[in-house]
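Remarks on the structure that follows.
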Amino acid sequence: MTSTAVRAGGGAQHERFIAPQERERNRKRASRRNLGSALLFLSPWIVGFVVFTAWPMIYSAYLSLTDYDVINDPEFVGFANYAEMASDPKVLLALGNTAFFTFVQVPLYVIVSLVLALLLDRAGRASGFFRTVFFLPKMTPPVAVGVLFLLLFNGQNGLINMVLGWFGIDGPSWTTDPAWVKPGLIIMSLWTVGASVIILLAALRNVPETLYESAKLDGAGFWRTAVSVTLPMISPALFFIIIVNTIAGLQTFDEAYTAFFGAGNTTYSNDAALFYVIYLFQQAFEFLHMGYASALAWGLFLVIMVVTAIQLVVSRRLVYYEGER
Numbered sequence: 001m002t003s004t005a006v007r008a009g010g011g012a013q014h015e016r017f018i019a020p021q022e023r024e025r026n027r028k029r030a031s032r033r034n035l036g037s038a039l040l041f042l043s044p045w046i047v048g049f050v051v052f053t054a055w056p057m058i059y060s061a062y063l064s065l066t067d068y069d070v071i072n073d074p075e076f077v078g079f080a081n082y083a084e085m086a087s088d089p090k091v092l093l094a095l096g097n098t099a100f101f102t103f104v105q106v107p108l109y110v111i112v113s114l115v116l117a118l119l120l121d122r123a124g125r126a127s128g129f130f131r132t133v134f135f136l137p138k139m140t141p142p143v144a145v146g147v148l149f150l151l152l153f154n155g156q157n158g159l160i161n162m163v164l165g166w167f168g169i170d171g172p173s174w175t176t177d178p179a180w181v182k183p184g185l186i187i188m189s190l191w192t193v194g195a196s197v198i199i200l201l202a203a204l205r206n207v208p209e210t211l212y213e214s215a216k217l218d219g220a221g222f223w224r225t226a227v228s229v230t231l232p233m234i235s236p237a238l239f240f241i242i243i244v245n246t247i248a249g250l251q252t253f254d255e256a257y258t259a260f261f262g263a264g265n266t267t268y269s270n271d272a273a274l275f276y277v278i279y280l281f282q283q284a285f286e287f288l289h290m291g292y293a294s295a296l297a298w299g300l301f302l303v304i305m306v307v308t309a310i311q312l313v314v315s316r317r318l319v320y321y322e323g324e325r
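Numbering (the UniProt record's numbering), first residue to last: 1 to 325.
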């Protein structure tokens, strides 16, 4: 009887000792099943990323170290392509054009977007209609925007110069004068501010009304409220728009290529509109210098990484997140 009780007690203790291990094994099996299910659902994206993004990037890094013309096999040349980039005057010209376009266009883009979002925030019931109106141009194909640029900014009979003429202003030759090519493209890029307007409008409507009431009680005017309440509260949305549009500006291609380089266009001032990605495209698909074009692509990648890293560092002081103290 006593020995049986001891055995029973020992068995109970053994069960209590084994149970946590069994639970741990069950937990691990469940985790593996969940991981397998997650990977199964993610597999289309994973395959697409590997095939269309990761592998092309790895292969382009290899091609950047070769002399490759598509027809013949790649010939390894080391860092010769990168050395050529440093002495190529067209690279410096394209970088200068791209930098000018980006660092003038992005602030204007953000300012126009913010002004329109503030107006929409006060539009009341009509805001839905105007949101649609502002967003529709974003749906316009970039090639069509490039053609529209030539029609609107034609120095002889374009609509822009016609409107300027009503006010006694002699409009410039937007498409033929090198000094006005990039400003014209910058103005034309404001055509597609709709998406940013919608994002900023959502951020504005997410600002707590109590903050405005407190500012009003403290005697803050419009500008003080804007600087101390509105801008800090929507700073994450502003930062997102700045990051995205800076990257897009550094990759500008479609509109400028359509307007100044498409279909063998040699009528207009091409050098003033020679952006970095356009020069990369020419090297790759017009001259078949795939190795050199790959080196240009990696150069642009590094530039974007550096610019974005600087913006992220600066944002730590300027961007306010509600969850942070």
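By construction, the Cβ of each residue, glycine as well, lies at the ideal position given by its N, Cα and C atoms. All figures in this text were calculated on a predicted structure; none of them were measured in a lab.
Asked	Found
Which whole-angstrom value is the C-beta distance of Val77 and Met85, which I expect to be below 8 Å?	With 8 Å as the limit, Val77 and Met85 do not qualify as a contact, their Cβ atoms being about 13 Å apart.
Answer with buried or exposed for Ala144, where buried requires no fewer than 16 other C-beta atoms within 10 angstroms of its C-beta.	exposed
Report all residues from its chain with a CB closer than 7 Å to the CB of Phe261; omit the five preceding and five following residues, and keep chain order.	Asn270, Ile278
Could you check whether Phe275 and Ala94 sit closer than 7 Å to each other, using their CB atoms as the reference points?	yes
How many Å lie between Tyr320 and Ser228 at the Cα?	11 Å
Tell me, to the nearest whole angstrom, how far the beta carbon of Ser60 is from that of Ser294; I am working on the premise that it is less than 8 Å.	4 Å
Quick one: Cα of Phe281 to Cα of Met233, how far?	41 Å
Counting only runs of 4+ residues fully inside the segment 54 to 116, write out the alpha helix (DSSP H) ranges in chain order.	55 to 63, 80 to 87
Verify whether the separation of the beta carbon atoms of Ala259 and Pro178 is less than 7 Å.	no
When you compare only the Cα positions, how much space is there between Trp45 and Pro56?	16 Å
Please say whether Met290 and Tyr62 have beta carbons closer to each other than 7 Å?	no
My output table needs one value for Ala220: the three-state DSSP class, helix, strand or coil.	coil
For Arg317, I'd like the list of residues in its chain whose CB is within less than 6 Å of its CB, leaving aside the five on either flank, ordered along the chain.	none
Could you tell me whether the Cβ atoms of Ala117 and Leu201 are closer together than 7 Å?	yes
State the Cα-Cα distance for the pair Asn34 and Arg23, rounded to the nearest angstrom.	16 Å
Looking at the structure shown, is Asn270 part of a helix, part of a strand, or coil, going by DSSP?	coil
Measuring alpha carbon to alpha carbon, tell me which of Arg25, Leu296, Pro172 ends up nearest Ala83.	Leu296
Are there 16 or more other CB atoms within 10 angstroms of the CB of Met188, so buried, or fewer, so exposed?	buried
For Ala203, count the other beta carbons within 10 Å of its own beta carbon; 16 or more makes it buried, fewer makes it exposed. Which is it?	buried
Determine the DSSP secondary structure at Asn206, reduced to helix, strand or coil.	coil
Might you give, ordered along the chain, the residues of its own chain that have their beta carbon closer than 6 Å to the beta carbon of Gln251, omitting 5 neighbours on each side?	Val277
Excluding five sequence neighbours on each side, which residues of the same chain lie with their C-beta closer than 7 Å to the C-beta of Thr4?	Low per-residue confidence applies at Thr4: pLDDT is 49, beneath 50, and the placement is therefore not dependable, though the value from the model is reported in the following sentence. Excluding positions up to five away in sequence, the list is empty.
Can we say the segment 101 to 117 touches the segment 147 to 165, given the rule of at least three CB pairs closer than 8 Å?	no
For Pro107 and Pro183, what's the separation of their Cα atoms in angstroms?	13 Å
Classify Ser64: buried if its beta carbon has 16 or more other beta carbons within 10 angstroms, exposed otherwise.	buried
Do Ala54 and Lys138 have their C-beta atoms closer together than 7 Å?	no
Pop quiz: Ala130 and Ala123 are said to be a contact at Cβ under 8 Å. What is the actual Cβ separation, rounded to whole angstroms?	Note that residue 130 is Phe in the sequence shown here, rather than Ala. Going by Cβ atoms, the distance from Phe130 to Ala123 rounds to 6 Å, so yes, they are a contact pair.
Between which two residues does the alpha helix (DSSP H) harbouring Glu286 extend?	Per DSSP, Glu286 belongs to no alpha helix (DSSP H) and is neither H nor E.
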